[in-house]
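I have placed the structure first, in the form of structure tokens, so that the comments after it can refer back to it.
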Amino acid sequence: MLTTLKETLRNLLDSPLQSFLSILGVIIGVAALTAMLSMIDGLENYAQEQVAARGDMKSILARPIEGRLIDGVYTPYDTTVAMTDELVAELVDSLPHPVRTQLQMTGRNLGYTAAGERIGIYYTATTLPLLGERELLAGEELTKTGGDSRNVIINESLAVRLLPPNAPPEDAVGLRFSLLGDSLRAVGVAAKDEKSYGVEMTLTTFYDLPEMDPGLITLVTAVEQDEHVAPTEEKLKQFFKNRFPEMEETVDVYSRSNMLADIAEGVLIFRLVMGFLIGIAVVVGGVGVMNVLLMSISERTPEIGIRKAVGATRGGIIRQFMAEAIIISVVGSLIGVLLGLAVSFTAAPVLNYFVDDLDFRAGFSLTTLAIISVIAVAIGVVFGTYPARKAAGLDPVEAIRR
């Protein structure tokens with residue numbers, strides 16, 4: 411084995427230009443594949459982080475279905491599920507595991523600062539107590555200020571918008587602004603780095619506003635353990651189906667765990683498609699390896715004939731040329747991986763520079779490393795087999811005459 415390896419390295423070094431060109435083809439193909447897979451890994455990680463940052467992974471959401479598409483036309487249902495406290499209590503009693511629930515509704519409307527300037531505000535109205543954890547920069551939670559008042563929580567962006575230039579967001583506590591036809595008072599500033607202007611209030615406050623627009627209320631159900639998410643989802647679906655048998659569809663039930671699964675599935679499809687397309691470059695590199703080996707066989711035909719004449723076996727000839735193909739592929743793949751990682755980790759900061767509020771990082775998983783390793787060996791085996799068998803099949807007498 412050691413003798414074969416030494417002979418292989420000597421043959422590659424005897425034709426440095428040919429060896430370099432064949433390795434270059436592998437480098438380019440593998441570098442492109444590595445960069446692509448690394449960026450996709452980073453994209454998947456970024457998407458998962460964004461989903462996880464938007465809520466508790468143990469929360470399940472149930473939203474009433476208003477209608478459906480029929481032949482491309484949206485048709486609303488005559489009736490929809492009304493999420494009431496009584497219905498929620500009935501649901502909780504039917505579940506096998508302890509849960510915490512919250513009703514919430516979201517919307518968007520024009521608001522007005524104290525100076526009369528118009529601003530678009532996204533609002534969330536919920537029941538108390540709030541599910542999940544969040545940080546307040548200043549002020550108090552709604553549970554401490556009374557749920558039936560005009561007190562609300564605002565996010566940092568709205569706090570900055572309501573304050574004079576260069577004033578800290580914490581100073582927004584106590585400020586008033588108008589929304590849905592009434593004056594609201596900010597009793598807390600949530601530490602949320604969002605571009606949009608956001609307001610949180612209780613459902614009691616929302617329903618008491620003059621210009622409130624009743625919308626669909628979503629039920630949020632939080633379980634205590636991760637393993638309870640999936641069975642609780644099924645229980646929720648079954649409960650609403652049995653509770654409203656006259657309805658064709660009742661609620662959409664989903665969790666952020668499902669969102670992560672959907673993201674993983676979508677990224678996998680994207681990875682396979684892009685891998686197939688960029689894999690063409692890897693195949694081109696493999697063809698380059700095969701061409702170099704065929705040229706090497708043509709130049710070394712007399713040498714191969716002499717070796718066979720003095721006792722070299724067919725298997726020994728095949729092993730030598732297969733070793734050359736695998737070494738070219740492995741060396742090219744190693745360099746290609748390093749080059750691809752350099753490209754992807756350089757591209758990530760560039761993307762962050764040009765896209766505001768983007769915190770994208772290239773990733774590199776063990777799965778990616780395993781894929782690249784398999785490809786490296788596969789290139790050598792697949793594209794080295796034909797030249798190796800051709801060299802082993804040469805007639806010694808005819809080979810020596812050339």
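Take 411 as the starting number for the sequence shown in the numbering used here and just add one per residue. Ideal Cβ placement from N, Cα and C applies to all residues, glycine included. This one's a predicted model, so the numbers in the text were calculated from it and none came from an experiment.
Residue i classed as buried or exposed, judged by whether at least 16 other C-beta atoms fall within 10 angstroms
{"i": "Asn652", "result": "exposed"}
{"i": "Arg528", "result": "exposed"}
{"i": "Leu572", "result": "buried"}
{"i": "Ser708", "result": "exposed"}
{"i": "Ala674", "result": "exposed"}
{"i": "Gln460", "result": "exposed"}
{"i": "Ser606", "result": "exposed"}
{"i": "Gly803", "result": "exposed"}
{"i": "Glu637", "result": "exposed"}
{"i": "Pro506", "result": "exposed"}
{"i": "Ala601", "result": "exposed"}
{"i": "Leu447", "result": "buried"}
{"i": "Glu566", "result": "buried"}
{"i": "Ser743", "result": "buried"}
{"i": "Ile690", "result": "exposed"}
Among the options, the one whose alpha carbon lies nearest that of residue i
{"i": "Val692", "options": "Ile789, Ile627, Thr778, Val599", "result": "Ile789"}
{"i": "Val570", "options": "Pro624, Leu594, Glu604", "result": "Glu604"}
{"i": "Val740", "options": "Ser432, Pro426, Leu540, Gln428", "result": "Ser432"}
{"i": "Arg724", "options": "Pro624, Ala772, Pro806, Met700", "result": "Pro806"}
{"i": "Leu670", "options": "Asn455, Val491, Lys647", "result": "Asn455"}
{"i": "Gly591", "options": "Glu543, Gly521, Leu568, Arg544", "result": "Gly521"}
{"i": "Leu776", "options": "Asp581, Gly794, Met611, Asp451", "result": "Asp451"}
{"i": "Ala798", "options": "Gly726, Ile437, Tyr664, Arg666", "result": "Gly726"}
{"i": "Ala733", "options": "Phe770, Phe793, Ile563, Val491", "result": "Phe793"}
{"i": "Leu501", "options": "Lys645, Thr523, Thr444", "result": "Lys645"}
{"i": "Tyr532", "options": "Thr795, Ser559, Glu551, Ile564", "result": "Ile564"}
{"i": "Thr748", "options": "Glu551, Phe430, Val436", "result": "Just to set this straight, residue 748 is Leu in the shown sequence, not Thr. The shortest Cα separation from Leu748 among Glu551, Phe430, Val436 belongs to Val436."}
{"i": "Asn668", "options": "Ile679, Leu585, Ala640", "result": "Ala640"}
{"i": "Thr494", "options": "Gly482, Arg473, Ile480", "result": "Arg473"}
{"i": "Asn762", "options": "Leu453, Gly625, Leu427, Leu447", "result": "Leu453"}
{"i": "Thr612", "options": "Glu551, Leu751, Lys647", "result": "Glu551"}
{"i": "Glu634", "options": "Gln458, Leu541, Met705", "result": "Leu541"}
{"i": "Thr614", "options": "Glu658, Thr534, Val677", "result": "Thr534"}
{"i": "Glu808", "options": "Val765, Arg666, Arg710", "result": "Arg710"}
{"i": "Tyr796", "options": "Ile785, Ala735, Val765", "result": "Ala735"}
Enclosing alpha helix (DSSP H) for residue i [first to last residue]
{"i": "Glu734", "result": "724-764"}
{"i": "Arg473", "result": "Per DSSP, Arg473 belongs to no alpha helix (DSSP H); it is in the beta strand (DSSP E), 469-474."}
{"i": "Val831", "result": "For residue 831 there is no data in the structure shown, the boundaries of the chain being 411 and 812."}
{"i": "Leu541", "result": "Neither: Leu541 is in no alpha helix (DSSP H) and is coded neither H nor E."}
{"i": "Arg799", "result": "776-802"}
{"i": "Gly715", "result": "711-719"}
Euclidean distance between Cα positions of residue i and residue j
{"i": "Ala632", "j": "Asn561", "result": "25 angstroms"}
{"i": "Gly746", "j": "Met684", "result": "17 angstroms"}
{"i": "Ala525", "j": "Ser588", "result": "10 angstroms"}
{"i": "Ala548", "j": "Pro508", "result": "32 angstroms"}
{"i": "Asp618", "j": "Gly598", "result": "20 angstroms"}
{"i": "Thr642", "j": "Lys468", "result": "10 angstroms"}
{"i": "Val609", "j": "Met515", "result": "12 angstroms"}
{"i": "Ser504", "j": "Phe649", "result": "8 angstroms"}
{"i": "Gly530", "j": "Arg595", "result": "17 angstroms"}
{"i": "Glu545", "j": "Leu687", "result": "45 angstroms"}
{"i": "Phe755", "j": "Gly439", "result": "18 angstroms"}
{"i": "Pro539", "j": "Asp581", "result": "25 angstroms"}
{"i": "Ala577", "j": "Asp769", "result": "26 angstroms"}
{"i": "Ile781", "j": "Ala757", "result": "22 angstroms"}
{"i": "Arg518", "j": "Gly477", "result": "21 angstroms"}
{"i": "Thr523", "j": "Pro579", "result": "15 angstroms"}
{"i": "Glu630", "j": "Glu496", "result": "Per the sequence shown, the amino acid found at residue 630 is Val instead of Glu. About 15 angstroms."}
{"i": "Gly584", "j": "Pro759", "result": "40 angstroms"}
{"i": "Val498", "j": "Pro624", "result": "19 angstroms"}
{"i": "Ile480", "j": "Thr511", "result": "33 angstroms"}
{"i": "Glu713", "j": "Pro426", "result": "19 angstroms"}
{"i": "Val753", "j": "Ala442", "result": "9 angstroms"}
{"i": "Thr444", "j": "Leu703", "result": "25 angstroms"}
{"i": "Ser593", "j": "Phe774", "result": "51 angstroms"}
{"i": "Val661", "j": "Thr537", "result": "19 angstroms"}
{"i": "Gly716", "j": "Val677", "result": "Looking at the sequence itself, residue 716 is Ile, so the reference to Gly does not match. When rounded, the distance between both Cα atoms is 55 angstroms."}
Enclosing beta strand (DSSP E) for residue i [first to last residue]
{"i": "Pro486", "result": "483-486"}
{"i": "Asp662", "result": "661-665"}
{"i": "Arg528", "result": "528-536"}
{"i": "Thr516", "result": "509-522"}
{"i": "Thr549", "result": "Looking at the sequence shown, residue 549 is not Thr but Gly. Residues 546-549."}
{"i": "Leu479", "result": "477-480"}
Residue-level contact to chain D via CB, residue i, 7 angstroms cutoff
{"i": "Phe680", "result": "Annotation note: the requested chain D is absent from the structure, which comprises a single protein chain."}
Check: residue i C-beta below 6 angstroms from any heavy atom of the ligand ADP
{"i": "Leu703", "result": "No copy of the ligand ADP appears in this structure; indeed no ligand is present at all."}
- At 3 residues or longer, and completely inside the stretch 555-635: list those beta strand (DSSP E) runs for me, N to C. 561-565, 586-589, 592-600, 607-612, 628-633
- Query: Which ranges would you report for the beta strand (DSSP E) in the stretch 650-700 if only whole runs of at least 3 residues count?
  - Reply: 661-665
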